[in-house]
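Colleague:
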Amino acid sequence: MKILHLLNHVDRVGNGIVHVAVDLACLQAQAGHDVWVASKGGAYEALLGRYGVRHVHVDQTRRPLAIWRALRALRALLRDERIEVVHAHMVTGYLLARVLRVAAPWRLVASVHNEWQRSSTLMGGADRVITMSENAIVRLAARGLRREKLRAVRNGTVGSPRLLDALREAVTLRQPAIVTVAGLYERKGIADLIGAFDLLAPAHPDAQLYIVGEGPDRARFEALAAASPARARIHFEGFRPSPRPYLTQAAVFVLASHAEPGGLVLPEARDCGCAIVATAVDGSPELLENGRAGILVPPRDAPALAAAITRLLDDPMECERWRTAARANLDWLRIERQHEETLAVYRDAIAG
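So in the working numbering the end of the sequence shown lands on 533, straight run, no missing numbers.
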């Protein structure tokens with residue numbers, strides 16, 4: 182099969198959409214398919230090249246001249262290479278493909294990674310639309326997308342080429358370490374986690390909070406941490422190419438998101454055997470098997486978050502039970518399963 186992935190970039194900056202696309206492209210090429218990625222480039226170009234994926238520099242910045250050049254470059258690529266499936270992972274790439282789709286023989290598949298965004302409904306014109314969870318299918322269908330086009334392919338990062346390739350730096354965390362790995366955006370619930378840490382810190386004077394990630398709201402979260410009585414125990418670690426050194430040392434891993442289509446870090450945390458506390462939003466319950474592999478709490482509820490973390494810190498045997506539960510039944514979270522299910526969507530689009 183000849184497959185083209187459309188992305189804004191392939192930078193190594195912690196973008197989950199890029200991570201999913203890079204993983205899929207690598208495994209598709211490894212399986213013998215002809216695979217291209219069109220983007221303005223980035224650090225993952227080297228990894229893609231090692232797996233036999235051909236990267237084409239196409240700047241999809243939303244400026245008239247850039248868009249015109251992108252359309253020309255993509256039209257030539259689609260014609261010359263006889264592409265069979267175009268997989269758009271971001272809205273700009275999808276819109277470019279839609280313009281070129283008229284009377285074209287190839288099929289268009291779109292991945293909706295953040296279904297709560299208003300722009301996600303634009304992607305309903307694809308031949309098939311991939312979501313990250315069954316929950317997202319229900320929500321998108323309620324917003325008018327044709328249900329027969331929607332396919333749920335849950336994220337699976339165990340065995341990811343990116344993570345195998347990433348440099349794992351040595352870190353030593355002070356214990357007990359409460360760890361989160363997330364982009365520093367409001368929707369990731371970092372403020373709630375800092376609030377929860379404030380509540381539990383007096384009873385746990387040795388506890389440390391490690392916040393791993395970068396994002397536009399970092400300054401606001403740092404200001405919240407600076408105002409905390411436990412500020413000396415709250416650590417902003419920045420972006421790390423591989424979160425594994427932090428996950429393997431976490432006494433408790435927390436994902437406090439307000440919205441989370443299918444957080445890649447949850448399979449990674451499970452693979453590392455973390456005791457997990459996460460909010461019951463969007464795709465997170467599915468990745469935690471509806472509470473069998475991690476403790477689920479309501480979003481935007483710092484006291485509930487603090488109570489769940491405290492439960493694990495106070496009872497080592499309970500914490501170990503949740504570590505064991507996280508490590509169980511991991512096969513379905515492997516990247517190979519996501520790869521095979523995505524190929525099945527392509528075949529379905531071609532047959533349709």
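A virtual CB, placed ideally from N, CA and C, is assigned to each residue, including glycine.
Of the residues Pro410, Gly396, Ile371 and Asp373, which one's Cα is nearest the Cα of Pro386?
Modeller: With distances taken between Cα atoms, Pro386 lies closest to Pro410.
Colleague: Could you pull out every residue in the same chain whose Cβ sits closer than 7 angstroms to the Cβ of Leu188, ignoring the five residues on either side in sequence?
Modeller: Cβ within range, chain order: Val199, Ala202, Val218, Ser220, His270, Met271 and Gly274.
Colleague: Can you give me the Cβ contacts of Gly197 inside the same chain, cut-off strictly under 6 angstroms, excluding the 5 residues immediately before and after it?
Modeller: These residues qualify, in order along the chain: Leu445.
Colleague: Taking all protein chains shown into account, decide if Leu381 is buried (16 or more other Cβ within 10 angstroms of its Cβ) or exposed.
Modeller: Buried: at least 16 other Cβ atoms inside 10 Å.
Colleague: Between the alpha carbons of Thr491 and Arg279, how many angstroms are there, rounded?
Modeller: Their Cα atoms are separated by approximately 50 angstroms.
Colleague: Measuring CB to CB, does Val266 end up less than 9 angstroms from Arg235?
Modeller: Not closer than 9 angstroms, so no.
Colleague: Between Cys207 and Val360, is the Cβ-Cβ spacing less than 9 angstroms?
Modeller: For Cys207 and Val360, no; Cβs fall outside 9 angstroms.
Colleague: Give a yes or no on whether the C-beta atoms belonging to Val462 and Phe420 are separated by under 9 angstroms.
Modeller: No, they are not a contact pair.
Colleague: Do you know whose CA, among Glu449, Gly443 and Ala437, lies nearest Thr460's CA?
Modeller: Measuring from the Cα of Thr460, the nearest candidate turns out to be Ala437.
Colleague: For Gln519 versus Asn295, is the C-beta distance shorter than 9 angstroms?
Modeller: Against a cut-off of 9 angstroms, the Cβ pair of Asn295 and Gln519 comes out as no contact.
Colleague: Taking 8 angstroms as the cut-off, does the segment 399 to 414 touch the segment 323 to 335 (at least 3 CB pairs, one atom from each stretch)?
Modeller: Because the criterion of three Cβ pairs below 8 angstroms is not met, the segment 323 to 335 and the segment 399 to 414 do not touch.
Colleague: Provide the residue(s) that pair with Gln389 in DSSP beta bridges, ordered along the chain.
Modeller: DSSP output for Gln389 lists Ala358 as bridge partner(s).
Colleague: What did DSSP end up calling Phe378 once you bin it into helix, strand or coil?
Modeller: Note: Phe378 maps to helix in three-state DSSP.
Colleague: Look at Ala506 and Val458 and say whether their C-beta atoms are less than 9 angstroms apart.
Modeller: Cβ distance not < 9 angstroms, so Ala506 and Val458 don't count as in contact.
Colleague: Sorted by chain position, which residues of the same chain lie with C-beta nearer than 7 angstroms to Arg263's C-beta, five sequence neighbours on each side aside?
Modeller: Within the same chain, Arg263 has close Cβ partners Lys183.
Colleague: What separation, rounded to the nearest whole angstrom, lies between the Cα atoms of Ala485 and Asp373?
Modeller: Taking the straight line joining both Cα atoms gives about 10 angstroms.
Colleague: Can you tell me whether DSSP reads Leu477 as helix, strand or coil?
Modeller: Looking at Leu477 - three-state DSSP - the assignment turns out to be strand.
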